[in-house]
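Take a look at the structure below.
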Amino acid sequence: MITNVKIKRTVVCLLCISILLLSLCLLVSPKKDFSENENRYLAKFPSFSAKALLDGEYTDSLGDWLADHFPQRDFFVGLKSGTEIAGGRREINHVYIAKDDYFIESYANPQNTERITDTLIRFYDKIDKTRVDVNLMLVPTAVTIYSDKLPDHAPASNQQETASAIYNESGIPAIDCTDWLLSGASKGQLYYRTDHHWTTLGAYYGYLAYCDTKGLTPVSLESLTAQTVTDEFAGTLYSKVNDYSHIKDNITIYTNPEDDLTVTYADTGEVTDSLYNLDYLKEKDKYSLFLNNIHPLIEIENKAAASQDTLMLVKDSYANSMVPFLVHHYRKIYVFDTRYYRDGPSSFLSDHNDITDVLLLYNMNTLDTDTGIRGIY
Amino acid sequence: MVFSCIPFLFFFLPLCLILYYAVPFSWKNGILLIFSLIFYAWGEPLYILLMLFSTALDYTNGRLMERFGTTKCRRIFFLCCSICINLSILAFFKYADFAIASVNGLFGTQFAQPGMHLPVGISFYTFQTMSYIIDLYRREVKAEHSYIAYLTYVSMFPQLVAGPIVRFADIQEQLHGRRITFDGFEQGLLRFMMGLFKKVLIANQAGALWEEIRVLGAANTSVSTAWLGALCFTLQLYFDFSAYSDMAIGMGQMLGFHYNENFNYPLTAVSVTDFWRRWHISLSTWFRDYVYIPLGGNRRGIPRHLFNIAVVWFLTGLWHGASWNFILWGVYYGILLMLEKYLWGKALAKLPKWIQHTYAFLIVVFGFVIFAVTDIGELGNYIRLLFSFISNPLADARFLWYLGNYGIVIIIACILACPVYPWLCRKVSMLSRKKNCVISAFAGVGVLLLFLLSTAYMVSDTYNPFLYFRF
């Protein structure tokens, strides 16, 4: 006969068995170095030293290691996020759980606006403006363009005010693509659902804004070859939220059959004829397929370009998906990632007289959180 | 090591229990002692020496008092020796920085601060050892002859770092003979799990929201948001602290020890006096028995009574941390208690119950704001936000945003802060046996699911603070 006592005993036994089984699995199960889902390296087993032990550092790291290599970690991490979302949470790890299945990174109060403006002023001051045409393009993120998709009552972001302040203070002629992106918002997906980047279509609207300011005739999307290379893209926001039941993204890339490209990666010396490295489709971070992930300096030559001009593009990863459109207009583009290019593009500019145009392109989130832009001067 | 972490729950505790149950009784104290020392050393490898010194001192003093304490005079000598050294250690490690900083601030002097970091649990174990020596002086307890047993008592990991403060008199017999049963293990494990759920699933969540609200800044904090923050901190502290006590009591049961309850639904108190009978009971009874009553309590006239209350509540405040806000918090309660004793206590008791509950609850929530913010300037700003009905909106979108995100946790916390669980148990026990079993089965499944969920929260560990590092 079932009695209360028996039920209690069963529950207690099950609890003990689960605890012992989990700890046993934790000890004997094979360990991973990298978590694909969370997109980060897991803690390494701490190396023992008397000093670390006395500091309490050793025991701390041991705790981290146990948590990182816990059996079925993905299940547990997903269980937590799933429960939180079911309980009404609409922000996890600074990512909004927005409408239409979008994850949208929140915009934290900017901390570095003054420093960034100072750097920009110093960079701009040194340039001979009669020789080169400089533009600054600060791309709003989904939190601004898709503000209608944000969860109800989500705190308003002041991304636009920060951008205007930087445009005004730095004095660099602005290319504000906000209205272009807003106008395109109804025509297709401009940002990935699971990643903090804009889609290639979003980048195309950015490109239209660029052409509009520069007086260039943009290439029409119809004249390009579109190719959906994956429908399995789970980006950085997916890894921050860790809700593994969430839908994944497509990535579409565009190629212009008319282009005749030579792409040189200065750091590795590698030379190719494509702006994409589709090997990254096999990996977690598929956005890296644009311009082969991160390189301090890339030289792109287009023998079929519409002009003989040379562009110096100083940028973060947002630009990687816009470059395929820009190549049509420039015989040569120097692409700098200032997070990794240490010598300062400023001196590069004075050494290279062939440069006719400079574009500084950053998205509003990494502009403040990533100190990369300070490397421009 | 905190109880709500993977190393503790999945390795330390199972290993300790398995060995503890496996060895014969005469070894059990030894096993417990070894594990307690490992537990302490896990977070405080060096200060373990301090704890060993402190216990050795009181043990020796106890033996000496027993052997040579034939006259009252000698007994006082040993008592003073022990108390002076214990309080000096506490003063040096806990209060030296604060005292020197205060003196420097007052007189513009430049004395250097020793900058010691506070040994975890020092306030708890110092009070435990002092209870032993004082009780011994009063002949309320026999001197302990086994150093192992005494050290086991002081260092016992369930209550070492966050209480309850166990008095030696309550536990001496159990140290030498206790019944360890499977029933006790069952009860204890379930009690421990309750504590774990409270800490991981409620306290940490409420705490995360409080941390977010306290740094919002005046422009983004509506009056409702400020009160929501205060409520969240109240819930965090209550659920965190009582969870530690639950886990301690539960582990005690598993080991065969009986600890007294430390919390009795304090947030449902009907007055400030009532609140302090329900909150951190082991601390308030300690101060009552070792400070308030020896000073004369309420039996030496009104001025002396007021003085005694002032002393006890100043010390209670100071015990919680070496910072002015804790003293302010103690004084706040001291004054309220005096007012209740001599002004409105009797009138209050005649009012409808809901008014009494609201009165006490608001005082407690406001009090915890003083407790939460250690910087006096920041504290002033936060209190201003609570009452800025004119300059700030009453509620704003952000308040609704927080309600949407954390509403469920807050509602569950508020329900569990009331004695619904004992009430439900009573109701269920009145049902027929069959219904009773069905409900138990559901409850059992619930416990297992909550265990899985707590594990998930510990594995993806984002926010798991230890709040008592100042105590």
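These protein sequence lines map, in sequence, to chains L and W. Residues 158 to 534 in our numbering are what the first sequence spells out, letter by letter. Residues 23 to 493 in our numbering are what the second sequence spells out, letter by letter. Virtual Cβ for every residue (Gly too), placed ideally from N, Cα, C. Keep in mind the model is a prediction, meaning the values are calculated, not measured.
DSSP three-state label for residue i, please.
i, result
"E440 of chain L", "coil"
"T396 of chain W", "coil"
"L454 of chain L", "strand"
"D500 of chain L", "coil"
"L418 of chain L", "strand"
"I249 of chain L", "strand"
"Y411 of chain L", "strand"
"F279 of chain W", "coil"
"V428 of chain L", "strand"
"A495 of chain W", "Past the edges of chain W, shown from 23 to 493, lies residue 495 of chain W, and the structure says nothing about it."
"F329 of chain W", "helix"
"I512 of chain L", "coil"
"I530 of chain L", "helix"
"A344 of chain W", "coil"
"A331 of chain L", "strand"
"F232 of chain L", "helix"
"H485 of chain L", "helix"
"Y571 of chain W", "Past the edges of chain W, shown from 23 to 493, lies residue 571 of chain W, and the structure says nothing about it."
"N108 of chain W", "helix"
"P187 of chain L", "coil"
"L373 of chain L", "coil"
"T243 of chain W", "coil"
"W301 of chain W", "coil"
"K221 of chain W", "helix"
List the DSSP bridge partners of residue i.
i, result
"W355 of chain L", "L:Y348"
"N194 of chain L", "Bridge partners of N194 of chain L: none, in fact."
"V471 of chain L", "L:F493 and L:L517"
"M294 of chain L", "L:L518"
"T270 of chain L", "Beta-bridge pairing links T270 of chain L to no other residue."
"Q384 of chain L", "L:I410"
"Y433 of chain L", "L:F447"
"N459 of chain L", "L:L418"
"F90 of chain W", "DSSP output for F90 of chain W lists no bridge partner at all."
"I261 of chain L", "L:Y253"
"F280 of chain L", "Partner(s): none; F280 of chain L has no beta bridge."
"F390 of chain L", "L:D406"
Note down, in chain order, every chain L residue with its Cβ under 7 Å from the Cβ of residue i.
i, result
"Y185 of chain W", "For clarity, residue 185 of chain W is Gly in the given sequence; the question names Tyr instead. Neighbours of G185 of chain W on chain L: none; closest Cβ ~22 Å, over 7 Å."
"P67 of chain W", "L210, L211 and G213"
"F33 of chain W", "S180"
"I430 of chain W", "G244 and G245"
"N403 of chain W", "Near N403 of chain W there are no residues of chain L at all, since even the closest Cβ is about 18 Å away, more than 7 Å."
Short check: CB of residue i to CB of residue j, under 7 Å?
i, j, result
"V183 of chain W", "G143 of chain W", "yes"
"I377 of chain W", "L350 of chain W", "no"
"A291 of chain W", "F297 of chain W", "yes"
"A228 of chain W", "L250 of chain W", "no"
"D290 of chain L", "D514 of chain L", "yes"
"P502 of chain L", "V480 of chain L", "no"
"G239 of chain L", "D400 of chain L", "yes"
"A224 of chain L", "I60 of chain W", "no"
"V398 of chain L", "F260 of chain L", "yes"
"L218 of chain W", "S482 of chain W", "no"
"L468 of chain L", "Y444 of chain L", "no"
"S304 of chain W", "I187 of chain W", "yes"
Name the chain W residues that come within less than 8 Å of residue i, Cβ to Cβ?
i, result
"E248 of chain L", "N427"
"H310 of chain L", "A419, R420, L422, W423 and G426"
"L177 of chain L", "P36"
"G372 of chain L", "Per Cβ cutoff of 8 Å: no residues; G372 of chain L is ~42 Å from chain W at best."
What residues of chain L sit near residue i, judged by a beta carbon separation below 8 Å?
i, result
"S462 of chain W", "N161, I164 and K165"
"L479 of chain W", "Note on identity: in this sequence residue 479 of chain W is Tyr, with Leu being the wrong assignment. Going along chain L in sequence order, the residues near Y479 of chain W (Cβ under 8 Å) are K237."
Which bits of chain B does residue i rub up against, with CB to CB less than 9 Å?
i, result
"K188 of chain L", "The structure shown contains no chain B; its protein chains are L and W."
Starting from residue i, find everything on chain W with Cβ-Cβ shorter than 9 Å and list it in chain order.
i, result
"L172 of chain L", "L211, L212, M215, V469, L470 and F473"
"T216 of chain L", "M23, P29, A63, W64, G65 and P67"
Can you pull the chain W residues whose beta carbon is under 7 Å from the beta carbon of residue i, in chain order?
i, result
"F227 of chain L", "I28 and V481"
"L230 of chain L", "In the sequence under discussion, the amino acid at residue 230 of chain L is Arg, which differs from the Leu named in the question. Those are V481, listed as they occur along chain W."
"F233 of chain L", "T477, A478, V481 and S482"
- prompt: Going along the chain, which unbroken runs of the alpha helix (DSSP H) with 4 or more residues stay wholly within the segment 373-446 of chain W?
  reply: 375-394, 398-408 and 419-439
Alpha helix (DSSP H) runs contained entirely in the segment 113-197 of chain W, provided each spans 4 or more residues: 118-129, 144-159, 169-177 and 179-182
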